[in-house]
Each structure stands twice: as C-alpha cells, then as structure tokens.
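> First the structure, which I've put down as structure tokens, then a few questions once you've had a look.
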Amino acid sequence: ELKVEQNPLFLSMQEGKNYTIYCNYSTTSDRLYWYRQDPGKSLESLFVLLSNGAVKQEGRLMASLDTKARLSTLHITAAVHDLSATYFCASTGTASKLTFGTGTRLQVTL
Amino acid sequence: GAVVSQHPSWVICKSGTSVKIECRSLDFQATTMFWYRQFPKKSLMLMATSNEGSKATYEQGVEKDKFLINHASLTLSTLTVTSAHPEDSSFYICSARDATGTSGPPSYEQYFGPGTRLTVT
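For the protein sequence lines, the chains are U and L, in the order given. Going by the numbering used here, the residue at position 73 of the first sequence is 73; the numbering climbs one at a time, nothing skipped. Going by the numbering used here, the residue at position 115 of the second sequence is 115; the numbering climbs one at a time, nothing skipped.
What follows is the structure, given as structure tokens:
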C-alpha cells in the first residue's frame, strides 16, 4: 500500500526566508503532484513531476523529484504572506488514484 | 479549460435525511471521477472511484450502501449520502480525469472540483 508522508506538518516562517517541504513516498510512482489549498477551498494544482530529476519552478516555488530516494521537495524562496496556505503532495504509485500526503500548513509572518 | 463543478457548494441537512452532491466536468469527458472526503485540518482521503457505466469501486472502510455513487454519463457523477448523521459532516471534493482533452490530446490528469461542505445537524 502506497504511503505518502510530508514534513513538517506545520511551518511558520518569516517573510523573505527560504524553506523546504519534504515529501516521501513508499513505493514506485509514475507521477508526483503538489497542490495548494486555501482555507475553505478546494485544491489548486501547482506542479506535476513525471521523471527522476524533474525540476519545475513557478514564481517563488520550486519542486523537484528524486525517484531513487522516493523523495520530492517543494522549495520556497523569499517567502511572502500570500504563500500562506496548506500544501499537499500526492502520488499515484503505479495506479491511477492519488494518495495524498498529510499536508504542510505554511504560515508566513511579517 | 478542464473545469470541474460541484453542486451544491454547501448544504445543511437534518440527521436521517439524504443529500445528493453532483460533480460535473464542464469542458471534457471523464470516464473516471473520484470522490474524496476531508475533515478539518486533515488530508484528503479517497472514498471511491466512479466509473462511467459501471459500479463504483470503494476504498476499504467506506460503506457503499451509505455513500451511493452514480456515474451515468461522461460528464456527471453523483454522490448521495444516505441517512446522514453528524459524523458525516465533512468537505467532499470530487475530481475528474480528462479522457478526451479540452484542446489536443487528453491529459489523463485529475482536475478537482471546488468542493461541497456538508453539515448534518
């Protein structure tokens, strides 16, 4: 059974600082996803990573994938308050259904 | 493109009644839709996979007689919570897998609806 773990679960960081969220998954995976969720809202797709070594960047967020280590990271550069949200990674394993990580609640303070 | 809608966005119902939630893919066809449940400050848990024209596949621990799923067309899946109880109060999110593509080949990616907040009193 595929298990997806994220850490940290909660992250409070100051504006302008950098930090990384980690996502480990337990079995071989075809795809790794990152989503953002604002309070009371559904998911917003951020990135989909398809192959080992894949790196994608959008604004202050950068995601990478290491399939050998079964690890994905979401790096935040020079955080701003607007990035405050909960971030989820999710993996398909070798099936078509998504298994979500525990989520990381990010709070960016002034 | 790739828009998924849910209706209603929120609903309050009395204990013992049933409530139906609709999930529609607006600009693509979805042979497969997924239903998730999310409790406050928790992650999304897959409840079932809805396949057009066939029975849904439920995850372990999900009561199929309580959560009825119907996927009657390539753009619509419904989740009916029967005899709802307060513990069924949750945020229900559907997703639809693009099997036809909005422009160009299908992506086979899942697109998420905006969610339905159910409160059972």
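Built from N, CA and C at the ideal position, the CB exists for glycine as well. In this text the structure is predicted, and so the values were computed from the model without any measurement.
Does His-7 of chain L come out as helix, strand or coil in the three-state DSSP assignment?
Residue state, collapsed to three classes: strand.
> Given a cut-off of 8 Å on the beta-carbon distance, is the pair Thr-116 of chain L and Ser-9 of chain L in contact?
Against a cut-off of 8 Å, the Cβ pair of Ser-9 of chain L and Thr-116 of chain L comes out as a contact.
> In chain U, what lies closer than 9 Å to Thr-49 of chain L by C-beta?
Going along chain U in sequence order, the residues near Thr-49 of chain L (Cβ under 9 Å) are Ser-96 and Lys-97.
> Is it buried or exposed, His-183 of chain L, if we count other Cβ atoms within 10 angstroms and call 16 or more buried?
Because chain L is modelled from 1 through 121, residue 183 of chain L falls outside the range shown and cannot be assessed.
> Give the range of the beta strand (DSSP E) segment to which Phe-47 of chain U is assigned.
Element bounds for Phe-47 of chain U: 43 to 49.
> Can you tell which of U:Glu-15, U:Leu-2, U:Lys-41 and U:Ser-29 has the C-alpha that lies nearest to the C-alpha of Tyr-87 of chain U?
Looking at the Cα atoms, U:Lys-41 is the closest of the given residues.
> For the beta strand (DSSP E) containing Ser-64 of chain U, name the first residue and the last one.
Taken as a continuous stretch (DSSP letters only), the beta strand (DSSP E) holding Ser-64 of chain U covers 61 to 66.
> State the DSSP-derived secondary structure class of His-81 of chain U, mapped to helix, strand or coil.
Correct three-state label for His-81 of chain U: helix.
> Could you name the residues of chain L that Leu-110 of chain U contacts, counting a contact when the two beta carbons are closer than 9 Å?
The contacting residues do not exist; Leu-110 of chain U stays about 23 Å from chain L at best.
> Roughly how many angstroms separate the alpha carbons of Leu-50 of chain U and Leu-32 of chain U, rounded to a whole number?
Leu-50 of chain U and Leu-32 of chain U: Cα-Cα distance of roughly 7 Å.
> Spell out the partners DSSP gives Ser-50 of chain L in its beta bridges.
Paired residues: L:Met-33.
> Starting from Val-48 of chain U, find everything on chain L with Cβ-Cβ shorter than 9 Å and list it in chain order.
In chain order: Glu-109.
> On the CB-based measure, 16 or more other CB atoms within 10 Å of its CB, does Val-4 of chain L come out buried or exposed?
Under this definition Val-4 of chain L is a buried residue.
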